[in-house]
Ligand code: PDD
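In my numbering, the protein residues as written are 114 to 397.
Structural data, given as structure tokens:
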């Protein structure tokens, strides 16, 4: 069945959706994106994603295509038209269409594209039960990872490197310390304390990360926001990742070494259920 997608003010069948070959998103990866999950037909943490989008656009001097209210109504319309119960809404803004030139065009209107992906079972994925395996790879991305740009070739390569080694994902290392996963934030737990890298230009300020750390603090779980090494991770009691599409997912193996007892840890498991429960309550 064909989806209804959104392109610059129009709801159209996916086969009819077209973007110019001169779009700067296509030519220069001059674009930013957001992924908002949908559970029970409702948006999880829409406001967080909308705020981060605004920040990404501002950091790149890019025009805002619509205001937050309009953005919410497009999200809801797509969820409803495509009958999404569990899944996600993807949104991408690019600087727009202009003849190819490295300098930003003086007048171009931003392109806004949005579509849904149905993912039945997202909230109860097998990986949440079994945990995932990760490998470590060098972080070869640019230095402004706090801006959620569509430059995702290296993360794609990282996932392929992981697959080739029989793992599910990769954690990236810079100057000896873990930055984050290819499309998620990375955590370890040692002596009941959560350790995760502090936000900065080196990692994406995850919307799920913020919520999960808040719930952890409410549970009186100690949190230390600082960089950690892979060696430290290998000695940890638990490891896990967070993102809008994985929520909280345990990591049971890093570079072929089992973490803890090789089973999803109790902290990750508890945080996942709290996150899902609380986020559903606040979903819009
Ligand atoms: N990725 N770090 C990176 C590099 C990411 O790409 C993502 C999200 C996160 C987690 O952010 P959040 O909790 O806001 O989803 C961290 C999305 C899900 C993606 O690219 O599909």
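C-beta: ideal position from N, C-alpha, C; glycine also. Keep in mind that this is a model prediction, so the values were computed, not measured.
Where residue 198 and residue 276 are concerned, what is the direct C-alpha to C-alpha distance, given to the nearest angstrom?
When the Cα atoms are used, residue 198 and residue 276 turn out to be separated by approximately 29 angstroms.
Go to residue 356, then tell me how far its beta strand (DSSP E) extends in each direction, as first and last residue.
Per DSSP, residue 356 is one residue of the beta strand (DSSP E) stretching across 351–356.
Assign residue 320 to buried or exposed, taking buried as 16 or more other Cβ atoms, counted over all protein chains shown, within 10 Å of its Cβ.
It counts as buried.
Hey, which unbroken runs of the alpha helix (DSSP H) at 4 residues or more fall wholly within the segment 265–353?
Whole alpha helix (DSSP H) segments, 4+ residues: 266–277, 320–331, 343–347.
Could you pull out every residue in the same chain whose Cβ sits closer than 6 angstroms to the Cβ of residue 165, ignoring the five residues on either side in sequence?
The beta carbon of residue 165 is closer than 6 angstroms to none in its chain, skipping five residues each way along the sequence.
Quick one: give me the first and last residue of the beta strand (DSSP E) that residue 124 is part of.
Run containing residue 124: 123–126, per the beta strand (DSSP E) assignment.
Determine, using beta carbons only, whether residue 205 and residue 122 come nearer to each other than 9 angstroms.
Contact: no.
With a threshold of 8 angstroms, establish whether the CB of residue 355 neighbours any heavy atom of ligand 1.
The closest heavy atom of ligand 1 lies less than 8 angstroms from the beta carbon of residue 355.
In terms of residue numbering, what span does the alpha helix (DSSP H) encompassing residue 388 cover?
Taken as a continuous stretch (DSSP letters only), the alpha helix (DSSP H) holding residue 388 covers 379–395.
Mind the definition here: the segment 261–271 touches the segment 381–389 only if three or more C-beta pairs lie below 8 angstroms; say whether that holds.
Taking 8 angstroms as the limit for Cβ pairs, the verdict is that the segment 381–389 does not touch the segment 261–271.
Endpoints, the beta strand (DSSP E) within which residue 152 is located
For residue 152, the uninterrupted beta strand (DSSP E) run begins and ends at 144–152, by DSSP.
Span of the alpha helix (DSSP H), counted from its first residue to its last, around residue 239
For residue 239, the enclosing alpha helix (DSSP H) has its first and last residue at 239–243.
Boundaries (first-last residue) of the beta strand (DSSP E) holding residue 157
Annotation: residue 157 is outside any beta strand (DSSP E) and is labelled neither H nor E by DSSP.
Cβ distance (whole Å) where residue 305 is taken to contact residue 334 below 8 angstroms:
Contact flag correct, Cβ pair sits at about 7 angstroms.
Consult DSSP for residue 225 and reduce its assignment to one of helix, strand or coil.
Note: residue 225 maps to strand in three-state DSSP.
When the Cα atoms are used, what is the spatial distance from residue 259 to residue 317?
Separation of residue 259 and residue 317 (C-alpha to C-alpha, rounded to the nearest whole angstrom) is 4 angstroms.
Residue span of the alpha helix (DSSP H) that contains residue 200, given as start and end:
Looking at the DSSP string, residue 200 is not in any alpha helix (DSSP H); the run it does join, the beta strand (DSSP E), is 200–207.
For residue 215, the three-state DSSP class (helix, strand or coil)
The answer is coil: DSSP assigns residue 215 none of H, G, I, E or B.
Once the 5 residues before and after residue 135 are set aside, which same chain residues still bring their CB inside 6 angstroms of it?
Within its own chain, the residues whose Cβ lies closer than 6 angstroms to the Cβ of residue 135, once the five positions on either side in sequence are excluded, are 210, listed in chain order.
In the DSSP output, what is residue 117 paired with across the bridge?
Its beta-bridge partners are 126.
What does residue 230 pair with, by DSSP beta-bridge criteria?
Residue 230 is bridged to 201.
Could you work out which residue in 296, 230, 325 is closest to residue 285 when comparing CA atoms only?
If we check each option's Cα against that of residue 285, 296 comes out closest.
Taking buried to mean at least 16 other C-beta atoms within 10 Å of its own C-beta, is residue 262 buried or exposed?
Buried, by the Cβ-count rule.
Less than 9 angstroms between the C-beta atoms of residue 308 and residue 380, yes or no?
Contact annotation: residue 308 and residue 380 have beta-carbon atoms that are not nearer than 9 angstroms.
Looking at the structure shown, is residue 187 part of a helix, part of a strand, or coil, going by DSSP?
DSSP, read as helix, strand or coil, puts residue 187 in helix.
Nearer than 8 angstroms: is that true of the beta carbon of residue 313 relative to any heavy atom of ligand 1?
Outside the cutoff, so no.
Taking C-alpha atoms, which residue in 192, 175, 171, 162 lies nearest to residue 181?
For the residues 192, 175, 171, 162, the minimum Cα distance to residue 181 belongs to 162.
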